[in-house]
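> These protein sequences, in sequence, are chains F, L and X. So for the first sequence, the working numbering puts the first residue at 2; every next one is plus one. So for the second sequence, the working numbering puts the first residue at 3; every next one is plus one. So for the third sequence, the working numbering puts the first residue at 28; every next one is plus one.
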Amino acid sequence: MELTIGAKLLNNYPFLGSLIIFGIGCYTVLSNSNLLKKLLGINIMESSIFLFYVATGNIRGGVPPIVDLAQPEALYINPLPTGLMLTGIVVSISVTGFALALIIKLYRFYGTMDANEIFEIRNEGKNNGSSS
Amino acid sequence: MVALVKENAPILIVIASLFSAYLLPVFMQYRRYGIVGFLALATQFFVLFGGIFLATQVLAKGSFRYILAGWEAPWGLEITIDPLSTLFLIMIGLINLLILVYALPSLADELGNKVRATWFLTLFMLLTAALCGMALCHDLFNLYVFIEVATISGCAIVGAKGDARSTEATFKYLILATLGSCFVLGGIGFLYNLTGNLNMLFVNHELAQTWSNYQYALWVSLSFFIVGFGIKSAVFPLHVWLPDAHSSAITPASAVLSAISVKGYVLGLVKVFYIAVGPLIVASLNISDILLLLGMGSIIAGSIFAIAQTELKRRFAFSTIAQIGYIFLGLGLNNQAGLTGAFFHIFSHALIKTALFLIAGFILIKTGKSQIKDLTGIGKQMPLTMGAFTVVSLGMTGIPLFSGFIGKWNLLLGSLEAGNWLAILVLLAGSILAAIYLFPIIKQAYFTTNQDYAELKENTIMIVPILILAGTVLLLGIFPRPVLTLASQAASMLLGQ
Amino acid sequence: MAKRLVPILAMILVIMALYVFMLAVAELPPYGNVDNPAHNYVYEHYVNNALEETGVLNIVTAIILDYRSYDTLIEATVLFTSIMAVLITLKKGEQH
């Protein structure tokens, strides 16, 4: 049974969706100069990857992978990607916490959260001969 | 007891560095700063000797695997002990030990107080543990988790200095490195989707049968890995974070980041491409050519940027980009000599770049000068330091009898074997450019005079690691056998599969 | 001028990447299918033997705390690392 590319794409909609979200996150990181928005972009990207993994583990008609002794023949979904993403979420939280701490510190130094303004303030400091 | 340690040495290397990292803040709480320093040094000794012990085992019996938590390979995790990982363990142990010997006396002054120094050491030990774990891991997701530990601890030791410039560099590094981690995680997701395995050997077996059905998906996956590891190892178009981060950090941090951490990610790339995916698939999807192009671009661009820098540390930071280019070029050549050259260059560049950063830090501490134009006549005031600088500069340019030569010679042989004339030209140009950005410093140091300095004393313990590194560069250039054997065995192991 | 150009360049880059992603997604095994390569012997071993081998009803727990416990140790280390990183970023340490 040969499917056209469009039909295959429609069939694989969770993967396509996760990669589109990945692109949106990537665009957010690259185009925004606000540091907090950059961090949000990173979080969007990470979430999209989580979606990709969880979609990989899904089986149509499967039940959550908690052994039900009453139903020995149950079809469980793949537990491995879900388990991996628990680790992934912890990593994402750690990075977010550290980045927020850095943003607080940068705000104390420069009084702004905009990368371009920070760049300008630094250049002015250099030109006046009193680098930070 | 000894037998138990010997039997479980592979995992103990990682666990020991992890637990010493957990314990350092505890000793700090009870104000036992002597124990903190001793524990950090002892752990690096353990890593170094563990690496040498495992290397002798690997050379005697061939590479082997160690099963963790009692679960066999595709279900549980395992770690692999092969020539490549032992080469990395020895490198990590040796370089970190020397950096710690250099840093411990002045760390508390540089960071403000002993509490911050302990936090720094904790992060340093975590970085060590993560890099050892990356060297030993044999599972894709395990690799990712170690990469994250290395990324966060690496960023944190850049920001440890605490001034505005280093904080800004840290944020830039953290955002870009996390972007890279996302790409790596995505690439692993694709590989898992296509094979259902995370163990590298099993991924390789599954892909060998089915890869021709998934050419686009595999290509996307591999380019995810290139972007991810490329950002983290600062190859040319993706290098934007490196100069700021490495030049604004304190000396031990920039030394460990430039010398080892950056190569840890190259090692991750090698593991994914050559063990998990396999050299045949990499070559037939034209990924090797991309690596080759990235490498050549890095060599030229990094060297030219380095010439333009006026600050000593910044020049060395850009030189790191150029040297990473050599490693990528060797990987892209995809033959025995090229890979051997790349691995040997990893080791020799780690020695050279550590020495260069420690020298820059030593000059900064002694004279307070970081601009190159201020370093006139310093060769007469600091003969030992500048002597070591001359030795490692000659090593960097790849002159025979110095360790840089062996790696570059093998890379040259690999390019000849591949018939790639452009690569040969770029290699030669890279050596000449390295001479252009390093030799003026030597010339200025010896052939100009400056009466500004008071009598400078070099008789601190900080000069010892610099001299050892310079000595090793010379020694490795004359007797390259031990490292070269490991490097060539690693290359034949990766290509043999 | 250069600042205005950055979002446009990023947009072009992302759209080009999305095109390649679409080609790759079309090749991936069909979503939710039992016969996918992702649901192979590893998956079957976990689902069939986790209860006997580890005594845990929740298979995800069995995986992260037993089969892949090394990963979980390192995951805890990531948290520890980020705590140390935040400390060294925001705290001044001891005042003398």
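Just so you know, even glycine gets a beta-carbon here, dropped at the ideal spot from N, CA and C. Predicted model, so just to flag it, every value in this text is computed and none were measured.
Please check if any C-beta of chain F sits within less than 8 Å of the C-beta of residue 95 of chain X.
It does: the Cβ of residue 95 of chain X has a partner Cβ on chain F nearer than 8 Å.
> At 8 Å on the CB atoms, spell out the chain X contacts of residue 92 of chain F, in chain order.
Neighbours of residue 92 of chain F on chain X, chain order: 102, 105.
> Here's a check: name, in chain order, each residue in its chain whose Cβ is nearer than 8 Å to the Cβ of residue 192 of chain L, leaving out the five neighbours to either side.
Closer than 8 Å at the Cβ level, and outside the excluded window around residue 192 of chain L, lie 219, 220, 222, 223, 226.
> Buried or exposed: residue 46 of chain X, going by 16 or more other Cβ atoms within 10 Å of its Cβ?
Exposed, because fewer than 16 other Cβ atoms sit within 10 Å of the Cβ of residue 46 of chain X.
> Thinking just about the alpha-carbon of each residue, which of L:162, L:36, L:55 is nearest to the one in residue 112 of chain X?
Comparing Cα positions, the closest option is L:162.
> By Cβ distance below 7 Å, which residues in the same chain neighbour residue 132 of chain F in space, the five residues on each side in sequence not counted?
Low per-residue confidence applies at residue 132 of chain F: pLDDT is 41, beneath 50, and the placement is therefore not dependable, though the value from the model is reported in the following sentence. Only 126 meet the Cβ criterion.
> According to the Cβ coordinates, are residue 341 of chain L and residue 496 of chain L closer than 8 Å?
Contact: yes.
> Could you confirm whether any beta carbon from chain L is found closer than 8 Å to the beta carbon of residue 47 of chain F?
Interface residue, yes.
> For residue 9 of chain F, go through chain X and note every residue whose CB falls closer than 9 Å to its CB, in chain order.
Correct list: 52, 53, 54, 55, 57.
> List the residues of chain L whose Cβ lies closer than 9 Å to the Cβ of residue 119 of chain X, in chain order.
Neighbours of residue 119 of chain X on chain L, chain order: 114, 115, 117, 118, 164.
> According to DSSP, which residues form a beta bridge with residue 77 of chain F?
According to DSSP, which records beta bridges pairwise, residue 77 of chain F is partnered with F:64.
> Could you give the DSSP three-state label for residue 373 of chain L: helix, strand or coil?
Reduced to three states, the DSSP call for residue 373 of chain L is strand.
> Once you ignore the five residues that flank residue 474 of chain L on each side, which residues in its own chain have a CB closer than 7 Å to its CB?
Excluding residues within five positions, the ones whose Cβ falls inside 7 Å are 353.
> Going by beta carbon distance, what residues of the same chain come within less than 6 Å of residue 178 of chain L, once the five residues before and after it are set aside?
Excluding sequence neighbours, residue 178 of chain L sits near 233, 243.
> Locate the alpha helix (DSSP H) running through residue 172 of chain L, then write down its first and last residues.
From DSSP, the alpha helix (DSSP H) with residue 172 of chain L extends over 166 to 197.
> Of all the residues that make up the stretch 66 to 100 of chain L, which are near chain X by a beta-carbon distance shorter than 8 Å?
Under the 8 Å Cβ criterion, the stretch 66 to 100 of chain L contributes 70, 71, 73, 76, 77, 78, 79.
> Whether or not the stretch 301 to 316 of chain L and the stretch 277 to 288 of chain L are in contact is what I'm after, with contact meaning three or more pairs of Cβ atoms, one per stretch, closer than 8 Å; do they touch?
Touching, no, given that fewer than three Cβ pairs across the two stretches are closer than 8 Å.
> Helix, strand or coil: which one does DSSP assign to residue 33 of chain L?
Note: residue 33 of chain L maps to coil in three-state DSSP.
> If distances are taken between C-alpha atoms only, which option among F:17, F:26, F:15, F:8 comes closest to residue 40 of chain X?
Taking only the C-alpha atoms, the option nearest residue 40 of chain X is F:26.
> For residue 364 of chain L, which of L:24, L:318, L:428, L:104 has the nearest alpha-carbon?
Ranking L:24, L:318, L:428, L:104 by Cα distance to residue 364 of chain L puts L:104 first.
> Check for me: the beta strand (DSSP E) holding residue 121 of chain X runs from which residue to which?
Unbroken run through residue 121 of chain X: none, as it is neither H nor E.
> With DSSP as the reference, label residue 365 of chain L as helix, strand or coil.
Residue state, collapsed to three classes: helix.
> Given that a residue counts as buried once 16 or more other Cβ atoms are within 10 Å of its Cβ, and exposed if not, what is residue 104 of chain X?
Classification for residue 104 of chain X: buried.
> Below 8 Å CB to CB, which residues in the same chain sit around residue 72 of chain L once its five sequence neighbours on both sides are set aside?
The answer, listed in chain order, is 78.
> From residue 44 of chain F to residue 292 of chain L, what distance separates their C-alpha atoms?
Using only the alpha carbons, I get a separation of about 29 Å.
> For chain X, check one thing: does any of its Cβ atoms lie closer than 8 Å to the Cβ of residue 55 of chain F?
No, because no Cβ of chain X sits closer than 8 Å to the Cβ of residue 55 of chain F.
> Let's test the definition: count the other Cβ atoms within 10 Å of the Cβ of residue 3 of chain L and tell me whether it reaches 16, buried, or not, exposed.
Exposed, since its Cβ has fewer than 16 Cβ neighbours within 10 Å.
> Whole angstroms is fine: what's the gap from residue 409 of chain L's alpha carbon to residue 488 of chain L's?
The straight-line gap from Cα to Cα measures roughly 13 Å.
> Please confirm whether residue 34 of chain X has its beta-carbon closer than 8 Å to some beta-carbon of chain F.
Closer than 8 Å to some Cβ of chain F, the Cβ of residue 34 of chain X qualifies, so yes.
> I want to verify the contact list: residues of chain F whose CB lies under 8 Å from the CB of residue 85 of chain X, in sequence order.
Those are 66, 67, 68, listed as they occur along chain F.
> Evaluate the contact criterion for the stretch 38 to 46 of chain L versus the stretch 15 to 29 of chain L: three or more CB pairs, one atom per stretch, below 8 Å.
Judged by Cβ distances under 8 Å, the stretch 38 to 46 of chain L makes contact with the stretch 15 to 29 of chain L, as three or more pairs qualify.
> Answer with buried or exposed for residue 421 of chain L, where buried requires no fewer than 16 other C-beta atoms within 10 angstroms of its C-beta.
Counting Cβ neighbours within 10 Å, residue 421 of chain L comes out exposed, since fewer than 16 surround it.
> From L:397, L:111, L:138, L:419, pick the residue whose C-alpha is nearest to that of residue 437 of chain L; which is it?
Among L:397, L:111, L:138, L:419, the Cα nearest to that of residue 437 of chain L belongs to L:397.
> Return the Cβ separation of residue 168 of chain L and residue 128 of chain L in integer angstroms, given the expectation that the two are a contact with Cβ distance under 8 Å.
Residue 168 of chain L to residue 128 of chain L, Cβ: 19 Å. No contact.
> Would you list the one or two residues that DSSP bridges to residue 291 of chain L?
None, per the DSSP bridge assignment.
> For residue 184 of chain L, decide whether its Cβ has a neighbour in chain X, counting only Cβ atoms nearer than 8 Å.
It does not: the Cβ of residue 184 of chain L has no partner Cβ on chain X nearer than 8 Å.
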